[in-house]
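Below: the structure, in structure tokens.
There are 2 protein chains.
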Amino acid sequence: MARTIGSNGARTAEAIRQAGVKLIYRHGYEAMSLRQLAAEVGLQSGSLYKYFENKQNLLFDIVREHMGDLLVKAEADLDGLTDPMARLRTFVGFHLRYHMTRMAHVFIANMEIRSLDEVHRAEVIGLRRRYEGLLEDILREGARTGVFHVEEPRVVTYAIISMLTGICMWYRPDGPLDQDRLVEIYTGLAVDGVTGPASAFAPAAQPLKRRARG
Amino acid sequence: MARTIGSNGARTAEAIRQAGVKLIYRHGYEAMSLRQLAAEVGLQSGSLYKYFENKQNLLFDIVREHMGDLLVKAEADLDGLTDPMARLRTFVGFHLRYHMTRMAHVFIANMEIRSLDEVHRAEVIGLRRRYEGLLEDILREGARTGVFHVEEPRVVTYAIISMLTGICMWYRPDGPLDQDRLVEIYTGLAVDGVTGPASAFAPAAQPLKRRARG
DNA sequence: AACGGAAACAATCAAGCGTTCTTTTTTATT
DNA sequence: AATAAAAAAGAACGCTTGATTGTTTCCGTT
Chain A
-5 MARTIGSNGA RTAEAIRQAG VKLIYRHGYE AMSLRQLAAE VGLQSGSLYK
45 YFENKQNLLF DIVREHMGDL LVKAEADLDG LTDPMARLRT FVGFHLRYHM
95 TRMAHVFIAN MEIRSLDEVH RAEVIGLRRR YEGLLEDILR EGARTGVFHV
145 EEPRVVTYAI ISMLTGICMW YRPDGPLDQD RLVEIYTGLA VDGVTGPASA
195 FAPAAQPLKR RARG
Chain B
-5 MARTIGSNGA RTAEAIRQAG VKLIYRHGYE AMSLRQLAAE VGLQSGSLYK
45 YFENKQNLLF DIVREHMGDL LVKAEADLDG LTDPMARLRT FVGFHLRYHM
95 TRMAHVFIAN MEIRSLDEVH RAEVIGLRRR YEGLLEDILR EGARTGVFHV
145 EEPRVVTYAI ISMLTGICMW YRPDGPLDQD RLVEIYTGLA VDGVTGPASA
195 FAPAAQPLKR RARG
């Protein structure tokens, strides 16, 4: 056999992409072999090289497209909103919904950055930094106008994004709580976290019996 | 050559452990080869098998010990405290400090669970569940006594733990903020998040221009 | 109907993998 | 000093890996 009946380059390319996401999500980039990937799509491993330069580039393509998509869509959602509180709520809602519907992509983009070579990694990290910058700017503006009590916007940005992204680790579409409810809960946590009184003070020493010894 | 001068089993075992953590952290479990690990310790790859049964068991030993340690030390820190607020602050402080001083272990334990075979994974997940249960119980008790406004303790547990654990992704000991300051910030976020008003209501529809389309 | 390019197969390569086994050297014990 | 045990070397194993190449078949266009 050689070219198979009904074969179509565009369709195969998309199938490889999807299978790649699935397998990298499940086994990790290094652990996924190209023969495994080829079998998933119904090809021989050598045929994959019609669709990417090498294994590394497959990963890079997937991750970069994801990060670019995330950034563009977040900016679009925030576009036109000026009130920091509205922007924060929008950001939280967007981030959560995006992550709940693309868990595999998100997981890969966050976890396999280390598997990218230096050049590719730098580009992806740049995109991520721009994305984080969206939230950081919101927090700075809210702090400036006094709506938020945030002394360290950078740290709080990391904290909130970690909190939201963590939903990828356990969310299941058929779980007891639907997406809207989860967005409510997380939005409440984020809003309370940046508006609450505790972060406005330098708190007294914690009532610890003893410190963590770890 | 065979046995090298000054060689000592206990010391080598510890060196292998440490090098294993370092390499798995840096490259991932699958990507770390035993020849790489052996070279790091100054051995031949075959000699490693005096110290573990196989590669899988090395990972399991590292992860299980970490999770067990985390659980035991958290329980010790919380021991004797009854006030939910004090317990929450203690938990947050413990978790953060532990994660700031053992970033590699934590990262491995969280990320390489999927690389464990079924039996080992089940045991590790059980330990993790017990650890999460500590916080969940704190939240439930606080909600019962009315100090906390938490409707979904399970979800909020995941949210807080993700937020805290995320510090492993960026914390550097030589950064501008010291551990105490970071504990303050994160504790403020957590406390405000569970005591603030927003989570007490079913919030109105978000002021979104449009929903995330991801 | 014929042709050129697209699509996939099939075979191959060197390198590296985890693992096992035997041998050699060092250390500790008597 | 002799001996047993510990520690590591080193060679070998069967396999799989990512990657390359040449060939064959199908398809869309003219």
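As given, the protein sequences belong to chains A and B, one line each in that order.
Position one of the first sequence corresponds to residue -5 (this note's numbering), numbered consecutively onward.
Position one of the second sequence corresponds to residue -5 (this note's numbering), numbered consecutively onward.
Virtual Cβ for every residue (Gly too), placed ideally from N, Cα, C.
- Query: Taking DSSP as the reference, what is the three-state secondary structure of glycine 22/A?
  - Reply: As a position in the first sequence, residue 22/A is number 28, starting the count at 1. Of the three classes helix, strand and coil, the one that applies to glycine 22/A here is coil, per DSSP.
- Item | Range of the contiguous alpha helix (DSSP H) that encloses threonine 189/A | Within the first sequence, numbered from 1, the residue matching residue 189/A stands at position 195. Where threonine 189/A is concerned, the enclosing alpha helix (DSSP H) stretches over 173 to 189.
- Interface residues of chain B around threonine 6/A at Cβ under 8 Å? As a working mapping, residue 6/A is identified with position 12 in the first sequence. Going along chain B, no residue has its Cβ under 8 Å from threonine 6/A, so there is no contact; the nearest lies around 25 Å.
- Query: Mapping DSSP to helix, strand and coil, what is alanine 68/A?
  - Reply: Stepping through the first sequence from its first residue, residue 68/A is reached at position 74. Reduced to three states, the DSSP call for alanine 68/A is helix.
- Message: Taking 8 Å as the cut-off, does the region 99 to 115 of chain A touch the region 42 to 61 of chain A (at least 3 CB pairs, one atom from each stretch)?
- Response: yes
- Using beta-carbon positions only, say whether methionine 214/A and serine 156/B come within less than 8 Å of one another. Past the edges of chain A, shown from -5 to 208, lies residue 214/A, and the structure says nothing about it.
- Message: Under 8 Å, with one C-beta from each stretch per pair, do the region 141 to 152 of chain A and the region 166 to 186 of chain B reach the 3-pair mark?
- Response: yes
- Task: Output, in sequence order along the chain, the residues in the region 24 to 55 of chain B whose CB is closer than 8 Å to any CB in chain A.
- Result: Glu24, Ala25
- Item | tyrosine 45/A versus alanine 7/A: straight-line alpha-carbon distance, rounded | Residue 45/A sits at position 51 when you count from the first residue of the first sequence. Residue 7/A sits at position 13 when you count from the first residue of the first sequence. Their backbone Cα atoms lie some 6 Å apart in a straight line.
- What's the C-alpha gap between glutamine 173/B and phenylalanine 88/B? Taking the first residue of the second sequence as 1, we reach residue 173/B at position 179. Taking the first residue of the second sequence as 1, we reach residue 88/B at position 94. Cα to Cα, glutamine 173/B sits roughly 11 Å from phenylalanine 88/B.
- Where the region 131 to 149 of chain B meets chain A: residues whose CB sits under 8 Å from a CB there: Glu145, Glu146, Val149
- Query: With C-beta atoms as the reference, is threonine 76/A less than 8 Å away from phenylalanine 142/A?
  - Reply: The sequence position of residue 76/A within the first sequence is 82, counting from 1. The sequence position of residue 142/A within the first sequence is 148, counting from 1. No; because the gap between Cβ atoms is not below 8 Å, this pair is not in contact.
- Determine the direct distance from the alpha carbon of phenylalanine 85/A to that of proline 78/B, and round the result to whole angstroms. To locate residue 78/B, count along the second sequence from 1; it is residue 84. To locate residue 85/A, count along the first sequence from 1; it is residue 91. Those two C-alpha atoms are separated by around 31 Å.
- Residue burial classification, serine 27/B (beta-carbon count within 10 angstroms, cutoff 16): Here residue 27/B corresponds to residue number 33 of the second sequence, with the count starting at 1. Classification for serine 27/B: exposed.
- Message: Please report the distance separating the alpha-carbon of glycine 160/A from that of asparagine 104/A.
- Response: Counted from its first residue, the first sequence places residue 160/A at position 166. Counted from its first residue, the first sequence places residue 104/A at position 110. The alpha-carbon atoms of glycine 160/A and asparagine 104/A are separated by roughly 11 Å.
- Query: So is glycine 14/B buried or exposed if we call it buried at 16+ other beta carbons inside 10 Å?
  - Reply: The residue given as residue 14/B occupies position 20 in the second sequence. Glycine 14/B should be labelled buried.
- Message: Please list the terminal residues of the continuous alpha helix (DSSP H) segment that includes methionine 163/B.
- Response: Along the second sequence, one-based indexing puts residue 163/B at 169. Run containing methionine 163/B: none; DSSP gives neither H nor E here.
- Simplified DSSP assignment, three categories, for proline 78/B: Mapped onto the second sequence, residue 78/B falls at position 84. Helix.
- Residues of the region 88 to 102 of chain B with Cβ closer than 7 Å to any Cβ of chain A, in chain order: Phe88, Arg91, Tyr92, Thr95, Arg96
- So which residues on chain A does leucine 176/B lean against when the C-beta distance must stay under 8 Å? In the second sequence, counting from the first residue as 1, residue 176/B sits at position 182. Chain A residues near leucine 176/B: Val149.
- Task: Taking only the alpha-carbon atoms, compute the straight-line gap between tyrosine 19/A and glutamine 12/A and give it to the nearest angstrom.
- Result: For the purposes of this step, residue 19/A is taken as residue 25 along the first sequence, with counting starting at 1. For the purposes of this step, residue 12/A is taken as residue 18 along the first sequence, with counting starting at 1. In a straight line, the C-alpha of tyrosine 19/A is about 11 Å away from that of glutamine 12/A.
- The alpha helix (DSSP H) spanning phenylalanine 101/B covers which residue range? Here residue 101/B is taken as the residue at index 107 of the second sequence, counted from 1. Taken as a continuous stretch (DSSP letters only), the alpha helix (DSSP H) holding phenylalanine 101/B covers 97 to 105.
- Message: Just to check my reading of the structure: leucine 128/B and leucine 72/B have Cβ atoms closer than 8 Å, yes? What is that Cβ distance to the nearest angstrom?
- Response: Taking the first residue of the second sequence as 1, we reach residue 128/B at position 134. Taking the first residue of the second sequence as 1, we reach residue 72/B at position 78. Correct: roughly 7 Å between the Cβ atoms.
- Selection of the region 159 to 173 of chain B by Cβ proximity to chain A, strictly under 8 Å: Thr159, Gly160, Ile161, Met163, Trp164, Leu171
- Query: For chain A, is any of its Cβ atoms less than 8 Å away from the one on glycine 3/B?
  - Reply: As a first step, residue 3/B must be located in the second sequence, where it is residue number 9. No, because no Cβ of chain A sits closer than 8 Å to the Cβ of glycine 3/B.
- Under 7 Å between beta-carbons, which chain A residues line up against methionine 180/B? List them in chain order, please. Against the second sequence, residue 180/B aligns to sequence position 186. With the sequence shown as reference, residue 180/B is identified as tyrosine, and methionine is not the correct amino acid for it. Result: Ala153.
- Going along chain A in order, which residues have a C-beta closer than 8 Å to the C-beta of leucine 129/B? By one-based count along the second sequence, residue 129/B stands at place 135. Those within 8 Å of leucine 129/B in chain A number zero; the least Cβ separation is about 13 Å.
- Query: Anyone know if the C-beta pair for isoleucine 132/A and isoleucine 119/A falls short of 8 Å?
  - Reply: Here residue 132/A corresponds to residue number 138 of the first sequence, with the count starting at 1. Here residue 119/A corresponds to residue number 125 of the first sequence, with the count starting at 1. Not a contact, by the Cβ cut-off of 8 Å.
- Task: Measure the C-alpha to C-alpha separation of leucine 64/B and valine 66/A and round it to an integer number of angstroms.
- Result: The residue you call residue 64/B lines up with position 70 of the second sequence. The residue you call residue 66/A lines up with position 72 of the first sequence. About 39 Å.
- Item | alanine 137/A versus Tyr125/A, Val150/A, Tyr43/A, residue with shortest Cα-Cα distance | The sequence position of residue 137/A within the first sequence is 143, counting from 1. Ranking the options by Cα distance to alanine 137/A, first place goes to Val150/A.
- Item | With 16 other Cβ atoms within 10 Å as the buried cut-off, status of tyrosine 43/A | As a position in the first sequence, residue 43/A is number 49, starting the count at 1. Classification for tyrosine 43/A: exposed.
- Helix, strand or coil at tyrosine 125/B according to DSSP, with G and I counted as helix: For the purposes of this step, residue 125/B is identified with residue 131 of the second sequence, where counting begins at 1. In the structure shown, tyrosine 125/B sits in a helix (DSSP, three-state: H, G or I).
- So alanine -4/B is in the alpha helix (DSSP H); what residue range does that whole segment cover? One-based indexing of the second sequence puts residue -4/B at position 2. No alpha helix (DSSP H) holds alanine -4/B; DSSP gives it neither H nor E.
- Message: Taking its Cβ as the centre, do 16 or more other Cβ atoms sit within 10 Å of alanine 116/B, making it buried, or is it exposed?
- Response: The residue you call residue 116/B lines up with position 122 of the second sequence. Alanine 116/B is exposed by the Cβ-count criterion.
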